[in-house]
Amino acid sequence: MITKTAWKNVWRNKVRSFVVIASVAVGIFAGTFSVAVMEGAIAQRLDDALNHEVAHIQITHAGFRANNDLTCLLEDAGEMAEKIRSLEEVEAVSYRLVVTGMANTASKSSGIIINGIDAEREKQVLGLDKILKKGSGSYLEKEASGNRAYIGEDLAKNLNIIRFTLTDAIVDSLMAKGVPAETAEKLQPLAGSRFRNEKSFRKKMESVFTREEQKKYGPLISEISRSFRKNARLALTFVDYHNYHTGGMFRINGLYDLTNNMFESTQVFVHYDDLARLTGIPPGQGHLIMVRLIDVDQTEPVTSQLKELFPGTEVMNWKQIQPDLAMMEGMARMMYGFFMVIILAALAFGIVNTMLMVVLERTKELGMLAAIGMNKKRVFRMILTESVFLSGVGGVFGMIISKIVISLTARQGINLSGYKEGFEAMGFTSHIYPHIGNDFFILVTILIILTGILAAIYPALKALKLDPADALRTE
Amino acid sequence: MKVLELKNVHKVYNTTQVEVHAVNSVTLDFDQGEFAAIVGPSGSGKTTLLNMIGGLDKPSQGQILVNGTDLTRLKSSELIDFRLYNIGFVFQSYNLIPVLTAKENVEFIMNLQKWPREKRDRRTRELLEAVGLADRMNSRPAQMSGGQQQRVAVARALASKPKFILADEPTANLDTRSTENLLDIMETLNKNENMTFIFATHDPRVMKKAHRVITLEDGKVIEDRKKQ
Ligand SMILES: Nc1ncnc2c1ncn2[C@@H]1O[C@H](COP(=O)(O)OP(=O)(O)O)[C@@H](O)[C@H]1O
Ligand SMILES: [Mg+2]
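Line by line, the protein sequences give chains P and Z.
Here the first sequence stands for residues 1 to 475, numbered as in our numbering.
Here the second sequence stands for residues 1001 to 1228, numbered as in our numbering.
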């Protein structure tokens, strides 16, 4: 009865209730959607890191990480890998040679880390073949002859291996892709020009386009105009096992594309055999063993198991290698909760205000209820219930809208390519697929109910202070 | 057995400037089944007296005994329960719950008393029929006339069979036809349910119907007349 009356009371002042409900709905939606975007970005970052960059567990010679010394080798890396592979929690294992050096083209050079990998095994451990940039060639396959390298798109840009060419055909194709004729025509005089790097290309674009055009069509035009010289040559230099300077010419087999600029511009992959031969490291040895588990939640126990199995080596899992990611994952939930609490606290003031007006308006009615024998507990409950309905209805709408908008945007993702560089510098994708777990909605529901209750306490206490005889005398 | 006894009851309001002796040394008793009106000019202390009888206000001095229980000794939480189980109120401005239907308003007190549904439904129907509103069960107060609303209020007050009904100026907002109608209904209920009614009023139409008229002036009882 009290619940029913409270529910009906919500709709007494429809406009006022609607304003409160709408503000709660908008607040919940804004908060939930922001969290979903953050969560989507973090999930993508974790996914990239675990599946394409660091795997789950790495083993090195105890001195390797500290000294970055090429001679700190795991001499029986091959056998170790075999042993680890036999553990039931393990999905795949590979071992690598890791050598720091320089990559040089005719015009540029850049400091890099060269990974000598077993191409087939690395497919299973890190799915390196899956991050191949479309149209840029292929992953390191066995068949190709000579030294082959698989490098990041960013490194290719830095080394001027990616160029920007505007041909007539490209200008024509822009219109087919939705660029207005007047914008495309501005490029006509430039047809036939080549640019050595993105910076000079963009400068030129900026000089012919308005800022809006640049913002709207710039990314598309540079995407289409970019050309990659297949089989471009790259000189890699490094020191060998005996501390002599050495190196080799490598042909670029393909480019990979990750969201992490840092990784992309430094990590170069070549065949294990090529790097072993050039550095003079005997086969079966490695600097780094990479382990991929079937279930990432088994990371901790398997880490300790491997530590016991290989004393004297350094066993580190992804949480230790990338503490920022581990922290991000651990703190994300707390941050989201905190974020929602702040939003709801702001909304609570609106509810407090509304409920105070309710109590004031219904002074006489509350006096009557007390007179006919409704006790304080029931009056308190009625006001709290009304407030919870108010916040709850708003919350339900907010969550429904969130759910719809998140599932709609998750299909295509949200493309923030305008801020691509900023995101990628931090290792995040600019193409975000918002995502949120159902447990978040449970948390939000609890918070909404709590908000409704807390916001009603002060107004309800005011209602309890009313003297029924006085209240009944009011007009 | 007296349902209600007032012994030397005083009420003094201490306002900022003056002391108002709203009720002054009132001693009265009521039997089960009375149909009594407390009358007197505006400001004579009728509402104050009724509020004290109903446990909404505490006397400054004196005793109020309901079936032998002294109201002045009850704590305020006990007073609320006392009101719920013993007193039915009818107010000048009806004071129905605007969001509830006639039926729900009548049921409200039975709900607070946790009556089972079946018993509640039967009593509600019986009362709404008695006040001639069986066909308006699902109307909201705003959809009814003042007279109809006050009849719902009477039904609500009677619903849980309290010891007595206190009605403060119940006819003040009603036209003559509605007033006569309401008074007839109350008189019938008084007879059929042997329910005690105490009115505070200065409406001559009520005085005419009342079986006992108690006249107040400046908080004092100056006349207490029982009709045959
Ligand atoms: N809460 C109060 N505070 C101070 N004075 C009051 C209060 N309630 C009533 N009075 C005074 O008590 C007297 C009696 O009032 P009331 O019982 O309302 O009379 P009636 O109902 O006969 O018109 C009046 O003088 C009124 O001003
Ligand atoms: Mg009065």
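Even glycine gets a Cβ: it sits at the ideal position worked out from N, Cα and C.
What residue range does the beta strand (DSSP E) around residue i cover?
i	result
Phe397 (chain P)	Premise fails: Phe397 (chain P) lies in the alpha helix (DSSP H), Lys376 to Gln412, not in any beta strand (DSSP E).
Lys1002 (chain Z)	Lys1002 to Asn1014
Leu288 (chain P)	Leu288 to Leu293
Asn1051 (chain Z)	Where Asn1051 (chain Z) is concerned, there is no enclosing beta strand (DSSP E), although the alpha helix (DSSP H) it sits in stretches over Lys1046 to Ile1053.
Asp1029 (chain Z)	Glu1019 to Asp1031
Gln267 (chain P)	Gln267 to His271
Asn1138 (chain Z)	No beta strand (DSSP E) holds Asn1138 (chain Z); DSSP gives it neither H nor E.
Met316 (chain P)	Thr313 to Asn317
Using a Cβ-Cβ cut-off of 6 angstroms (strictly less than) and excluding sequence neighbours within five positions of residue i, which residues of its own chain qualify?
i	result
Gly284 (chain P)	Gly78
Ile59 (chain P)	Ile289, Thr313 and Val315
Gly1088 (chain Z)	Ala1157, Leu1158, Pro1162 and Ile1165
Ile162 (chain P)	Ala156, Arg226 and Phe228
Phe29 (chain P)	Gly398, Ile401 and Ser402
When you measure from the CB of residue i to every non-hydrogen atom of ligand 1, does any distance come out below 6 angstroms?
i	result
Val1018 (chain Z)	no
Lys465 (chain P)	no
Gly1043 (chain Z)	yes
Val458 (chain P)	Here residue 458 (chain P) is Tyr; the residue named in the question, Val, does not match the sequence. Incorrect: Tyr458 (chain P) has no Cβ contact closer than 6 angstroms to ligand 1.
Ala1167 (chain Z)	no
Ala1210 (chain Z)	no
Thr1015 (chain Z)	yes
Ala1153 (chain Z)	no
Ala1022 (chain Z)	yes
Using C-beta distances below 7 angstroms, list every residue in its chain close to residue i, excluding the 5 sequence neighbours before and after it, in chain order.
i	result
Ser193 (chain P)	Leu166
Asp1031 (chain Z)	Lys1002 and Val1003
Asp118 (chain P)	Ser94 and Tyr272
Ser7 (chain P)	Reading the sequence as shown, one finds Trp at residue 7 (chain P) and not Ser. Excluding sequence neighbours, Trp7 (chain P) sits near Phe389.
Arg1083 (chain Z)	Gly1054 and Gly1055
Val24 (chain P)	Leu347, Ser391, Gly394, Gly395 and Gly398
For the alpha helix (DSSP H) holding residue i, just list the boundary residues, first then last.
i	result
Ser1077 (chain Z)	Ser1076 to Asn1086
Phe339 (chain P)	Pro323 to Glu361
Gln305 (chain P)	Thr299 to Leu309
Tyr217 (chain P)	Arg211 to Ser225
Ser17 (chain P)	Lys14 to Asp48
Gly480 (chain P)	Outside the shown range of chain P, which is 1 to 475, sits residue 480 (chain P), and nothing can be said about it.
DSSP state of residue i, grouped into three classes?
i	result
Ile448 (chain P)	helix
Ala235 (chain P)	strand
Glu1180 (chain Z)	helix
Phe428 (chain P)	coil
Met1110 (chain Z)	helix
Lys1220 (chain Z)	strand
Ala1037 (chain Z)	strand
Asp69 (chain P)	coil
Lys1161 (chain Z)	coil
Gly152 (chain P)	strand
Asp1121 (chain Z)	helix
Leu140 (chain P)	coil
Phe423 (chain P)	helix
Val196 (chain P)	Sequence inspection shows Arg at residue 196 (chain P); the Val mentioned does not correspond to that position. Looking at Arg196 (chain P) - three-state DSSP - the assignment turns out to be coil, as it is neither helix nor strand.
Val98 (chain P)	strand
Ile1185 (chain Z)	helix
His245 (chain P)	strand
I want to check one thing, is the minimum distance from the CB of residue i to the heavy atoms of ligand 2 below 6 angstroms?
i	result
Lys8 (chain P)	no
Lys4 (chain P)	no
Thr1027 (chain Z)	no
Val1047 (chain Z)	Reading off the sequence shown, one finds Thr at residue 1047 (chain Z), where the question assumed Val. Answer for Thr1047 (chain Z): yes, Cβ within range of ligand 2.
Is there at least one non-hydrogen atom of ligand 4 closer than 6 angstroms to the beta-carbon of residue i?
i	result
Lys133 (chain P)	By its list of ligands, the structure shown excludes ligand 4, since it contains just ligand 1 and ligand 2.
Which residues in the same chain as residue i place their Cβ atom closer than 8 angstroms to its Cβ, once the five residues preceding and following it in sequence are excluded?
i	result
Leu1050 (chain Z)	Ile1038, Leu1166, Asp1168, Ile1198 and Ala1200
Glu1223 (chain Z)	Val1213, Ile1214 and Thr1215
Leu258 (chain P)	Asp48, His52, Glu53, Ile131, Gly152 and Glu264
Asp76 (chain P)	Gly284 and Gln285
Thr474 (chain P)	Thr363, Lys364 and Gly367
query = Taking a cut of 8 angstroms between CB atoms, which residues from the segment 375-398 of chain P lie near chain Z?
reply = So the close ones are Asn375, Lys376 and Arg378.
inquiry  = Give me the subset of the segment 438-469 of chain P whose CB atoms are less than 7 angstroms from a CB atom of chain Z, sorted by chain position.
reply    = Pro468 and Ala469
Positions along the segment 1111-1132 of chain Z whose CB lies within less than 9 angstroms of some CB in chain P = Asn1111, Leu1112 and Gln1113
ask   = At a Cβ cut of 7 angstroms, what residues of the segment 1129-1161 of chain Z count as close to chain P, listed as they run along the chain?
value = Close to chain P, meaning a Cβ-Cβ distance shorter than 7 angstroms, is no residue of the segment 1129-1161 of chain Z at all.
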